[in-house]
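> In this text, residue positions in the sequence shown follow the UniProt record's numbering: the first is 1, and each later residue adds one.
The beta-carbon is built from N, C-alpha and C at its ideal position, and this holds for glycine as well.
Please read all numbers here as calculations on a predicted model, not as lab measurements.
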Amino acid sequence: MPAAELIELWRGNLQEGVHRGHAVIHDGRDIMAAWGDPDAIIFPRSSCKMVQALPMMESGAADAAGLGPEQLALACASHNGSVQHVEKVGAWLSGLGLGEHDLRCGCHKPWDKAEATRLTCSHHAPNQLHNNCSGKHAGFLTWTQHAGVGPEYVEIDHPLQQAIRQATAEVAGEEPAGVGIDGCSAPNFAGSISGLARSMAAFANPANDARGRGMGRLVDAMRAHPELVAGEGRACTELMRAMGGRVAVKTGAEAVYIAIIPEKKLGVALKIEDGGTRASEAAIAALLVHLGMLDEAHPIVGKLLRDPMKNWRGIEVGGLRLAPGFPGHSRVA
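1. Helix, strand or coil, according to DSSP, for residue 294 in the structure here?
2. Using 7 Å as the cut-off, classify the Cβ of residue 113 as near or not near the heavy atoms of the ligand FAD, replying yes or no.
3. How many Å lie between residue 163 and residue 48 at the Cα?
4. Note down the Cα distance separating residue 332 from residue 123, rounded to an integer number of angstroms.
5. Going straight from the alpha carbon of residue 116 to that of residue 110, what length do you get?
6. Is the number of C-beta pairs between the segment 146-162 and the segment 213-231 that are closer than 8 Å three or more?
7. If we call anything under 8 Å between Cβ atoms a contact, is residue 114 one with residue 59?
8. Taking Cβ positions, are residue 334 and residue 51 nearer each other than 8 Å?
9. What would DSSP say about residue 8, mapped onto helix, strand or coil?
10. Taking 8 Å as the threshold (C-beta atoms), are residue 272 and residue 19 in contact?
11. Mind checking residue 222: buried by the 16 CB within 10 Å criterion, or exposed?
12. Does residue 79 come out as helix, strand or coil in the three-state DSSP assignment?
13. With DSSP as the reference, label residue 302 as helix, strand or coil.
14. Secondary structure at residue 247, three-state DSSP: helix, strand or coil?
15. Which one or two residues does DSSP pair with residue 346 in a beta bridge?
16. Mind checking which residues open and close the alpha helix (DSSP H) that includes residue 61?
17. Give me, in chain order, the residues of the same chain whose beta-carbon lies closer than 6 Å to that of residue 15; leave out the 5 immediate sequence neighbours on both sides.
18. Whole angstroms are fine: how far does the CA of residue 297 sit from the CA of residue 54?
19. Short of 6 Å in beta carbon distance, which residues of its chain neighbour residue 1, apart from the five on each side in sequence? Order them along the chain.
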């Protein structure tokens, strides 16, 4: 089944481009709605960090380390590398008796403008704490220390990655279709877009067992601390704030997005085929409006979808529109 047209780009009165992709709304048993191909195989990238944190939760490692909601939110984060993110992950590692050198995520310039400017002006290089995945890796180290296994936790045959693979298969209801290496060096297990949505539905309606309680705590932490999951100016943070903590949302590289909706017991997953982040952000906003979780009049809907695009002189030149057949097309077109 081909990808569906989801988001259009218009300039003047002509359509200049279109973003195609796949989207699924799942209740944990059945697909409630779908656009494109529900069986399309994708890499979830960072959208699945809460699944990667499950071994830490259900093994007792999180409780043994005394982790609170802030650390759990950071375990699911793709953060900006701001001062608060760096300090909180650093303190977490210090509490384990570990340090920045124990991470295996690598370095990149922080996305937080203030911290990037500070580093540049002070002639300091970023370190691994600035990596957007450092919280996830601190969670990996928490499990590794608790299990008493070796430090090279990103190797595909490491016990941690085997535990993550098993958890991924069980919550998705399907075996991984393949494995790739993510930007932070951790394995990323491919699967169907419907399997990813089914996984998020499991987090929205968790069972009353060790795994389910861990799922609930991770989702609650994300909803309570949206500033740690991404950061100021980021769509994940702004969407969760706009919905008053009712929904957890998470982006992934190459235009993947998920939503976890506890009050409706639904999971949402989408992927834009061309990797365009602007389209994935617009599409998730449209789906959240469609599901009644996000006020259509909220400024974040305008920012991500409805507001006109302007050029460098402030002249309106075009904008994004929902493609025919995608929820809200008639209202937000």
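Concretely, from the data shown:
1. Residue state for residue 294 is assigned as coil, using DSSP reduced to three classes.
2. With respect to the ligand FAD, the structure shown offers nothing to examine, as it has no ligands at all.
3. Going from the Cα of residue 163 to the Cα of residue 48 covers about 14 Å.
4. Residue confidence for residue 332 is low, a pLDDT of 39 falling below 50, so the modelled location carries little weight and cannot support an answer.
5. About 6 Å.
6. Contact fails: fewer than three Cβ-Cβ distances are below 8 Å.
7. No, Cβ-Cβ distance for residue 114 and residue 59 is not below 8 Å.
8. The displayed coordinates of the chain run from 1 to 333. Any statement about residue 334 would go beyond what the structure contains.
9. Strand.
10. It is a contact, given that the beta carbons lie within the stated cut-off.
11. Residue burial annotation: residue 222 is buried, with at least 16 other C-beta atoms found within 10 angstroms of its C-beta.
12. Here residue 79 carries a coil assignment [DSSP, helix/strand/coil].
13. Correct three-state label for residue 302: helix.
14. Annotated three-state conformation of residue 247 is coil, per DSSP.
15. The question about residue 346 has no answer, for the chain in this structure spans 1 to 333.
16. Residues 61-64.
17. Closer than 6 Å at Cβ, skipping near neighbours: 8.
18. Between the alpha carbons of residue 54 and residue 297 lies a distance of about 36 Å.
19. Here the set comprises 37.
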